[in-house]
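Protein chains: 2
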Amino acid sequence: MDELNINFDKYKNIRRTMGRELIDLNPIQRGGELPVESKKAIYEYWDGYSVCDYCGGRLDKVETPPICEYLHDVSKFLGMDFTRPTHGARESKFIVMHSVCNEGDFVVLDGNAHYTSFVALERAKLNSEIVEHDGYPTFRVNPEKYAEVIDNLEDKNKPIGLILLTHVDGNYGNLADAEKVGKIAKQKGYPFLLNCAYSVGRLPVNGKKLNADFLAISGHKSMASASPCGLVSIKGEYADKVFRTSKTHPVKEIEMLGCTSRGAPLISLMASFSHVAERVKNWDNEVKKTRFVVDELEKIGFNQLGIKPKQHDLIKFETPILDEIAQKDKRRGYFFYEELKKRGIGGIKRGTTKEIKMSVYGLSWEQVRYVVDNIKEIVEQGNNI
Amino acid sequence: MDELNINFDKYKNIRRTMGRELIDLNPIQRGGELPVESKKAIYEYWDGYSVCDYCGGRLDKVETPPICEYLHDVSKFLGMDFTRPTHGARESKFIVMHSVCNEGDFVVLDGNAHYTSFVALERAKLNSEIVEHDGYPTFRVNPEKYAEVIDNLEDKNKPIGLILLTHVDGNYGNLADAEKVGKIAKQKGYPFLLNCAYSVGRLPVNGKKLNADFLAISGHKSMASASPCGLVSIKGEYADKVFRTSKTHPVKEIEMLGCTSRGAPLISLMASFSHVAERVKNWDNEVKKTRFVVDELEKIGFNQLGIKPKQHDLIKFETPILDEIAQKDKRRGYFFYEELKKRGIGGIKRGTTKEIKMSVYGLSWEQVRYVVDNIKEIVEQGNNI
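If you read the sequences in order, they're chains A and B. Position one of the first sequence corresponds to residue 261 (our numbering), numbered consecutively onward. Position one of the second sequence corresponds to residue 261 (our numbering), numbered consecutively onward.
Below, the structure written as structure tokens:
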């Protein structure tokens, strides 16, 4: 192999300090930190195909480790009928779209939808019709507008295959009114997919109460699981479609390509279940911490975008004050990132000063106050340059 | 949550003994055991979305950890042009089929093809035409028959989208003549996908030398990586198709749904690269160990199926002698599994006695001899019942 001129050593010593050495404010990572029991479980299952020791032919039926039982229990937890492991929320969305829609169908989805919703429908050869949000500064999705968009498509005889709502979006952390959109979908007679990547595992979610037919769930984003891992949870009436099996290999589910998440990430998802079920009970406290951060940082010139007051931990701020300081500081836009890092805080995108995204989900009140005090100090110092 | 009546504790304490306490003979697991540097890397990256600390919008371009460099280096290692991470070989196959075929196209594939090849083509809405193997006892795939099957389909005006060969099959461990099948595919003008789930990472493979346009690779099966993880490696001329990007989100590759293996398994794949590059150099020794096992166990009434002598570590035996003993032993078919377990050996399917699959890949000669001696002893004891 030496003639290939590859420096293999570089891959043998891959290190990461985030999380262990820094308080991580990255919203996509705050819900994915593993509790200790989950780390222990990974230690047991990190070898390849480790979950297959006692497999009888299908991942979701494996009893040791208790995958089958877990899927049954997590369905109860989600208020749905059946659940399967997937590689993540995007893969769950593609599975649903590819199962319940016909090529060319329209997916009606909100203007705050994650890019993966669009890429998944494009991969499934579907069209999209966007329900626009209200724009600056709330970017709110109005459920009533779903009815308008559906009516318009029907007037034009466009086939609608699916209604999709982003329960909590990744830009503004707005919590959408899923129950109402679900009701409209039901009234109009279309299946309803709720993208719960930022909700299930952080806050209590009951799929049927929200009139959802399908939930797309992210393990690594919000269920304290290693990546990549997720769930697709569905109502019983769609099982024949979504879980349809192969003509040539009748035990195997087509959309799962037989088996999906066949290893350590699924084990961590299971091991973290108890931790996650406990933490969603403390959602009110998480919202309180979030609002505290907003209140304090708006005092120094930050401006929270999205619906007010916050109903979710993901915060987006306009930060003209950071932009001003960047003009004066010799480190330019990097000053904020570097000052935070000095103080043991990470997860804010390097070089950004106009807008920042952050979350204090799962941090202690002491940590939250530490973060707020240090951001204030950095801005104060910057003002004095 | 208590009203849900879920026993959460059961998921908090998931244990596994295989691998740590037993010599594992399961062929799907022997190539997936992690070297220590890979376990250390997982320790760094087990939190969800951990590889995204410095992401600029696409997984394959991430520089810290060195994913971008790894994909470049592993392409060299594979003798191909471009490589992307996937969730495994089945996902790689679906990506290729869904990119290069049109709905209804025929995939010409060998009779030893893994079930996931069939499920993937069914998911992609394609048809299959099988190149039959030679049947009992060699189950050999004759490359010339590919030409016949292709000619027959052409005569019937059936559209052919892809030629697929299983490099090493999971039933008999036959090493197929990829170079010849690739040559035929090239002559006939069809793209050629080689399923390397059981080859890349165990034995040296150079894709272009084998005339492959695409390699489907399994990290967890044969590249000492945590599951689920794999690679799709392609020739440059297919990059526009397989890596095509979204109309609405031009940075994002459609078939990857933006990003695929976004966490710990990919890190383990990278960390194991050096280990894997070293071990493929010792392939001759692995084949020697395999042939030793076959020679020794055929002396006590086992009969190796598939091509002789062995060219791959996966061994399938007919074991009429175990079946005879099972008739006499009060544990029936379970006696073999239980006797092996007593002796610290695992990975043989519980209750099977007519045929068994095993591999000693990566075991030391001392362990190989231990396995052989103990199987001989179990059979001798059984004969004496």
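Every residue gets a Cβ at the ideal spot worked out from N, C-alpha and C, and that includes glycine. Since we're looking at a predicted model, the values are computed, not measured.
Bridge partner(s) assigned by DSSP for residue i
{"i": "M340(B)", "result": "In the DSSP output, where bridge partners are listed per residue, M340(B) has none listed."}
{"i": "N455(A)", "result": "T426(A), A476(A)"}
{"i": "V564(A)", "result": "The amino acid occupying residue 564(A) in the given sequence is Gln; Val does not appear at that position. DSSP output for Q564(A) lists F577(A) as bridge partner(s)."}
{"i": "V661(A)", "result": "Nothing can be reported for residue 661(A), as the shown portion of chain A is limited to 261 through 645."}
{"i": "I616(B)", "result": "F577(B)"}
{"i": "P345(A)", "result": "L491(A)"}
{"i": "T505(A)", "result": "E513(A)"}
{"i": "M278(A)", "result": "L282(A)"}
Backbone CA spacing between residue i and residue j [nearest angstrom]
{"i": "G291(A)", "j": "F577(A)", "result": "20 Å"}
{"i": "F452(A)", "j": "L338(A)", "result": "15 Å"}
{"i": "C361(A)", "j": "G421(A)", "result": "5 Å"}
{"i": "L582(B)", "j": "K481(B)", "result": "28 Å"}
{"i": "H332(B)", "j": "A436(B)", "result": "27 Å"}
{"i": "R551(A)", "j": "G479(B)", "result": "44 Å"}
{"i": "V391(A)", "j": "N455(A)", "result": "15 Å"}
{"i": "A499(B)", "j": "V428(A)", "result": "35 Å"}
{"i": "T612(B)", "j": "G523(A)", "result": "25 Å"}
{"i": "A438(B)", "j": "L425(B)", "result": "7 Å"}
{"i": "Q641(B)", "j": "I283(B)", "result": "21 Å"}
{"i": "V441(A)", "j": "K469(A)", "result": "12 Å"}
{"i": "K559(A)", "j": "V553(A)", "result": "10 Å"}
{"i": "E515(B)", "j": "R504(B)", "result": "8 Å"}
{"i": "K299(A)", "j": "A301(B)", "result": "13 Å"}
{"i": "K418(B)", "j": "Y406(B)", "result": "15 Å"}
{"i": "F366(B)", "j": "A472(B)", "result": "18 Å"}
{"i": "N434(B)", "j": "N431(A)", "result": "51 Å"}
{"i": "A380(B)", "j": "M357(B)", "result": "8 Å"}
{"i": "P295(B)", "j": "H535(B)", "result": "7 Å"}
{"i": "S624(B)", "j": "P580(B)", "result": "28 Å"}
{"i": "D415(A)", "j": "R610(A)", "result": "47 Å"}
DSSP three-state assignment for residue i, whether helix, strand or coil
{"i": "F399(B)", "result": "coil"}
{"i": "K446(A)", "result": "helix"}
{"i": "S478(A)", "result": "strand"}
{"i": "Q627(A)", "result": "helix"}
{"i": "T550(A)", "result": "helix"}
{"i": "L517(A)", "result": "coil"}
{"i": "N412(B)", "result": "helix"}
{"i": "K636(B)", "result": "helix"}
{"i": "M261(A)", "result": "Because the pLDDT at M261(A) is just 45, under 50, the model does not fix this residue reliably, and the value given afterwards should be weighed accordingly. Correct three-state label for M261(A): coil."}
{"i": "G230(B)", "result": "For chain B, the structure presents residues 261 to 645; residue 230(B) sits outside this window and is missing."}
{"i": "D320(B)", "result": "helix"}
{"i": "L285(A)", "result": "coil"}
{"i": "V492(B)", "result": "strand"}
{"i": "G606(B)", "result": "strand"}
{"i": "T376(B)", "result": "helix"}
{"i": "L435(A)", "result": "strand"}
{"i": "M357(B)", "result": "helix"}
{"i": "L294(A)", "result": "coil"}
{"i": "L463(B)", "result": "strand"}
{"i": "R383(B)", "result": "helix"}
{"i": "S532(A)", "result": "coil"}
{"i": "L470(A)", "result": "coil"}
Neighbour flag for residue i against chain D, beta carbons, 8 Å
{"i": "L470(A)", "result": "Of the chains in the structure shown, none is chain D; the protein chains are A and B."}
ask   = Closer than 9 Å, Cβ to any Cβ of chain A: which residues of the stretch 266 to 278 of chain B, in chain order?
value = I266, N267, F268, D269, K270, Y271, K272, N273, I274, R275, R276, T277, M278
Sufficient close CB pairs (3 or more, under 8 Å) joining the stretch 387 to 407 of chain B to the stretch 369 to 378 of chain B = yes
key: Interface residues of the stretch 300 to 319 of chain B facing chain A [CB-CB below 9 Å]   = K300, A301, I302, Y303, E304, Y305, W306, D307, G308, Y309, S310, V311, C312, D313, Y314
query = Along the stretch 452 to 482 of chain A, what residues have a CB closer than 9 Å to any CB found in chain B?
reply = P464, S478, G479, H480, K481, S482
key: Residues within the stretch 504 to 523 of chain B neighbouring chain A, beta-carbon criterion of under 7 Å   = S506, K507, T508, H509, K512, I514, E515, L517, G518, S521, R522, G523
message = Across the stretch 278 to 290 of chain A and the stretch 507 to 523 of chain A, are there enough close Cβ pairs to call them in contact, namely three or more that are closer than 8 Å?
response = no
ask   = Taking any Cβ of chain B, which residues in the stretch 381 to 411 of chain A have a Cβ under 8 Å from it, in chain order?
value = E382, R383, S388
key: Members of the stretch 355 to 379 of chain B near chain A, C-beta cut-off 7 Å   = Y375, T376, F378, V379
message = Tell me which residues of the stretch 610 to 639 of chain B have at least one Cβ-Cβ distance to chain A shorter than 8 Å, keeping chain order.
response = R610
message = Does the contact criterion of 3 or more C-beta pairs under 8 Å hold for the stretch 307 to 319 of chain A versus the stretch 523 to 543 of chain A?
response = yes
query = Name the residues in the stretch 565 to 596 of chain B whose C-beta lies less than 7 Å from a C-beta of chain A; which are they?
reply = none
request  = Examine the Cβ distances between the stretch 482 to 501 of chain B and the stretch 341 to 349 of chain B and report whether three or more of them are shorter than 8 Å.
outcome  = yes
query = Are the stretch 261 to 274 of chain A and the stretch 271 to 280 of chain B touching by the rule of at least three beta carbon pairs closer than 8 Å?
reply = no
query = Using Cβ-Cβ distances below 8 Å, what residues of the stretch 331 to 342 of chain A are close to chain B?
reply = D333, K336, F337
ask   = Using a Cβ cut-off of 9 Å, which residues of the stretch 535 to 547 of chain A contact any Cβ in chain B, in chain order?
value = H535, A537, E538, V540, K541
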